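Mapping to UniProt numbering: the sequence shown position 398 is 398, numbers consecutive. Even for Gly, the Cβ is constructed at its ideal location relative to N, Cα and C. This structure is a prediction, so every number in the text was calculated from the model and none was measured.
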Amino acid sequence: MSSPSHTKTPPRIVTTPSIKQSSVRAYYPVTPSSQPTPLCAVFLAQFNVHTGYELKWSKALDDVSLKGVEYKALPSGLHAVEKDVISFVQPKTPGGDELLYGVSVFRQNKDTARLDDRETVKMFSLGVLMDVSKHKTSMSWKPSSYSCGLEYIEQLSGMLASWDEEDGMGVFEKFFEDNSKAEYLFSPRTPKGSSSKKSQSQKRHHYLLKSDALLRDLGPLVFTVWKASILRKRILIFDAGSVEESCALSYCLSILSTIPHEILTLLPDETKPLHYLQPLYSLGVNDIDWLSKVPFTGFTGSSTDEILMYKKQLYDIAVVLGKNEPPKVLPSEALAPGATNIEPLKATQRDLKRFNIIVREFELQKDPSEISPSWWVDVTERITFRQMAWSGLYWWASAGEKERLEDEEDAEGLTEVADVNADDVERALYIVGYFQSITRRIFRGVMDVISNHEGGEDDIITFEFAEVNEMGLDPYSNEDLRFVVDLVKCWFGRDAKVGSSLANLCCM
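Okay, here's the thing in structure tokens:
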């Protein structure tokens, strides 16, 4: 997918504030607000063994399309579980660009049904839709809309669990009437401490609290996928433990790859479509045609339909989370899932080192003496002879000082905010803050090089390997060198190279 056009406006040199100066409190928009999002639709979908998907009941505002919502609320594979939570987006009008955000809860009576009688198995999904475009004045930070609807999960689950077909739809009718008339949303920066039941429900179910799971599931590959997110690639997640988990991972990637505000103010206006990575959440076969036409420069989503992995025109990166094997990050150029024509992307040695720092600081391993899983190394690029030789030389020349300073730089952003007494929300925000600090460092380094470039506007920007290293990237990794080149093209519309040529991996 092509990047937007750019004007040749040189960026200003950036002085990056510390995490304390640009506190993680600035990212409280991703935490629950005390005011629930007004509903524009409520619906009940059913999968019937005879008739298939069915929109059994719905009530919506006049300008809302529910076309295909039953497929959104009942992704394939749910027959194997008793309950799940599904987030999704729905075009406001067929073929339109505006999105409605949806959440549904799934439940089936698998445990109580007679296993030899399919007629007794009933599968329902009760869901809601929200139109955040009607509340733009209070959505000053766009990603705050990405979690809309999570505050209704417990209510939806409770209603569906106690509902019987003989009861009729009265309870759902009242639910719609009670929750579709709010006139406004509170500011996304509403202070903590609200006693609202919906707010507490959203806090318990907020996807940001799954950021630990993202780190554990991907290991050092979290940085590989994060870099693809920074480049606003189209990312699809497959084979997560549940639909709810895959939706949470989709959300977390979107938030972790958000560009800090002080950096956004220095970027060309033409990059506005790139400012945020749009989460599309759960996607299925019924979304293939729409997905091929989405207007977003990049997105992150998930699917339980493996056939989407074969539709390589729909995505750039596939993240496959194997249950009994290490995760894989596959570029769409692979001929098929598991094909050998293209190797899966790997983490760099710098990524592995940084991930070990995260594991230590956030105690992702309960036992400090626990040995790191061997697959962390398996999904990481091998140390090259050149890297070993020059690392040894630098260690000897600096008496180990260079390695110590590099470790301190990689831990910057964690040592300043990590707090063993932090609650789950604060802990999640600290993780966001750490990725924000890495993003600042990379963009600051790129902007400094571009600002100091003495050639013309059409000349190729040359980065030295030492400058790549100063950005916190791995100058010995082809993937990180390519990342720098792609980032300059994506965000600044300029051609770049590292050293005398991309293939020339001479050391710093």
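Exposed or buried, which one is Leu280 when buried takes at least 16 other CB atoms within 10 Å? Here residue 280 corresponds to residue number 280 of the sequence shown, with the count starting at 1. Buried: at least 16 other Cβ atoms inside 10 Å.
Around the C-beta of Tyr207, are 16 or more other C-beta atoms found within 10 angstroms, so that it is buried, or is it exposed? Residue numbering aside, residue 207 sits at position 207 when the sequence shown is read from its first letter. Result: buried.
At what residues does the alpha helix (DSSP H) containing Ala496 begin and finish? On the sequence shown, position 496 is the one that residue 496 refers to. Where Ala496 is concerned, there is no enclosing alpha helix (DSSP H), although the beta strand (DSSP E) it sits in stretches over 496 to 498.
Run of the alpha helix (DSSP H) containing Asn478, from where it starts to where it stops: For this step, residue 478 is matched to residue 478 along the sequence shown. First-last of the alpha helix (DSSP H) with Asn478: 478 to 492.
Tell whether a beta-carbon distance below 7 Å holds between Lys72 and Phe88. On the sequence shown, residue 72 is found 72 positions in, with the first residue counted as 1. On the sequence shown, residue 88 is found 88 positions in, with the first residue counted as 1. In this structure, Phe88 lies closer than 7 Å to Lys72 by Cβ.
Taking buried to mean at least 16 other C-beta atoms within 10 Å of its own C-beta, is Val484 buried or exposed? Numbered from its first residue, the sequence shown carries residue 484 at position 484. By the neighbour-count rule (16 or more Cβ atoms within 10 Å), Val484 is buried.
Could you say which of Arg354, Glu333, Lys353, Asp351 lies nearest to Pro344 if we only look at CA atoms? By one-based count along the sequence shown, residue 344 stands at place 344. If we check each option's Cα against that of Pro344, Glu333 comes out closest.
Three-state secondary structure (DSSP) at residue 578? Nothing about residue 578 can be read from this structure; the chain reaches only from 1 to 508.
Which complete beta strand (DSSP E) runs does the region 225 to 301 hold, if anything under 3 residues is left out? 234 to 238, 278 to 283
Please classify residue 511: does DSSP put it in a helix, a strand, or coil? Nothing in the structure corresponds to residue 511, since the chain is present only between 1 and 508.
Note down the Cα distance separating Leu259 from Tyr276, rounded to an integer number of angstroms. Here residue 259 is taken as the residue at index 259 of the sequence shown, counted from 1. Here residue 276 is taken as the residue at index 276 of the sequence shown, counted from 1. Here residue 259 is Ile; the residue named in the question, Leu, does not match the sequence. Each residue's alpha carbon lies about 7 Å from the other.
How many angstroms separate the CA atom of Ala254 from the CA atom of Gly298? Walking along the sequence shown from the start, residue 254 turns up at place 254. Walking along the sequence shown from the start, residue 298 turns up at place 298. Note that residue 254 is Ser in the sequence shown here, rather than Ala. Roughly 10 Å separates the two Cα atoms.
Cα-Cα separation between Pro11 and Ser451, rounded to whole angstroms: Within the sequence shown, the letter at position 11 stands for residue 11. Within the sequence shown, the letter at position 451 stands for residue 451. Any reading at Pro11 needs caution, since the residue's pLDDT is 42, under 50, leaving its predicted position unreliable; the model's value is listed next. Answer to the nearest angstrom: the Cα atoms are 6 Å apart.
For Gly102, the residue or residues it bridges with in DSSP: Start at 1 with the first residue of the sequence shown, and residue 102 comes out as number 102. Answer is Phe88, Leu129.
In three-state DSSP terms, what is Gln108? Your numbering for residue 108 matches position 108 in the sequence shown. Residue state, collapsed to three classes: strand.
Please work out which residues of its chain come closer than 8 Å, Cβ to Cβ, to Ser477, disregarding the five sequence neighbours upstream and downstream, and give them in chain order. Numbered from its first residue, the sequence shown carries residue 477 at position 477. Contacts found: Thr348, Gln349, Arg350, Glu381.
So what's Trp57 in DSSP terms, helix, strand or just coil? If you number the sequence shown from 1, residue 57 lands on position 57. Correct three-state label for Trp57: strand.
For Pro94, count the other beta carbons within 10 Å of its own beta carbon; 16 or more makes it buried, fewer makes it exposed. Which is it? As a first step, residue 94 must be located in the sequence shown, where it is residue number 94. So Pro94 ends up on the exposed side.
Sheet register partners of Ile317 (DSSP bridge): Here the question's residue 317 lines up with position 317 in the sequence shown. Ile235, Pro331.
Can you list, in chain order, the residues of its chain whose CB lies under 8 Å from that of Ile317, leaving out five sequence neighbours each side? Reading the sequence shown from its first residue, position 317 is the one you call residue 317. Val225, Ala228, Lys233, Arg234, Ile235, Leu236, Val329, Leu330, Pro331, Ser332, Leu345.
According to DSSP, which residues form a beta bridge with Gly52? In the sequence shown, counting from the first residue as 1, residue 52 sits at position 52. Answer is Asn48, bridged to Gly52.
Could you give the residue range of the beta strand (DSSP E) that holds Ile461? The residue you call residue 461 lines up with position 461 of the sequence shown. Counting along the chain, the beta strand (DSSP E) containing Ile461 begins and ends at 461 to 463.
On the DSSP bridge list, what partners appear for Lys134? For the purposes of this step, residue 134 is taken as the residue at position 134 of the sequence shown. According to DSSP, which records beta bridges pairwise, Lys134 is partnered with nothing at all.
Go ahead and pull the three-state DSSP assignment for Phe362. Numbered from 1 along the sequence shown, position 362 holds the residue referred to as residue 362. Of the three classes helix, strand and coil, the one that applies to Phe362 here is coil, per DSSP.
Three-state secondary structure (DSSP) at Lys83? Against the sequence shown, residue 83 aligns to sequence position 83. Lys83 falls in the strand class under three-state DSSP.
I'd like to know if the region 239 to 253 and the region 292 to 306 are in contact, where contact means that at least 3 CB-CB pairs between them fall below 8 Å. yes
What residue from Pro38, Trp141, Glu470 has the CA that sits closest to Arg440's CA? Locating residue 440 in the sequence shown gives position 440, counting from the first residue. The option with the nearest alpha carbon to Arg440 is Glu470.
Using only the alpha-carbon positions, how far apart do Tyr152 and Leu126 sit? In the sequence shown, the residue the question calls residue 152 occupies position 152. In the sequence shown, the residue the question calls residue 126 occupies position 126. Roughly 11 Å between the two C-alpha positions.
What first and last residue would you give for the alpha helix (DSSP H) that runs through Tyr430? Residue numbering aside, residue 430 sits at position 430 when the sequence shown is read from its first letter. 424 to 451 is the span of the alpha helix (DSSP H), which, as asked, contains Tyr430.
Relative to the C-alpha of Ala41, which residue among Thr51, Pro143, Glu245, Lys92 is closest? Taking the first residue of the sequence shown as position 1, residue 41 is located at position 41. Answer by Cα proximity: Lys92.
Buried or exposed: which applies to Asp131, given that a residue is buried once 16 or more other Cβ atoms fall within 10 Å of its Cβ? Mapped onto the sequence shown, residue 131 falls at position 131. Asp131 comes out buried.
Ala428 to Lys210 span [Cα, whole Å]: In the sequence shown, residue 428 corresponds to position 428, counting from 1. In the sequence shown, residue 210 corresponds to position 210, counting from 1. If I take the Cα positions, the gap works out to 8 Å.
Integer Cβ distance of Val128 from Gly158, believed to fall under 8 Å: As a first step, residue 128 is located in the sequence shown; it is residue number 128 there, counting from the start. As a first step, residue 158 is located in the sequence shown; it is residue number 158 there, counting from the start. About 14 Å; that fails the 8 Å criterion.
Between the alpha carbons of Gly472 and Ser246, how many angstroms are there, rounded? Counted from its first residue, the sequence shown places residue 472 at position 472. Counted from its first residue, the sequence shown places residue 246 at position 246. Taking the straight line joining both Cα atoms gives about 29 Å.
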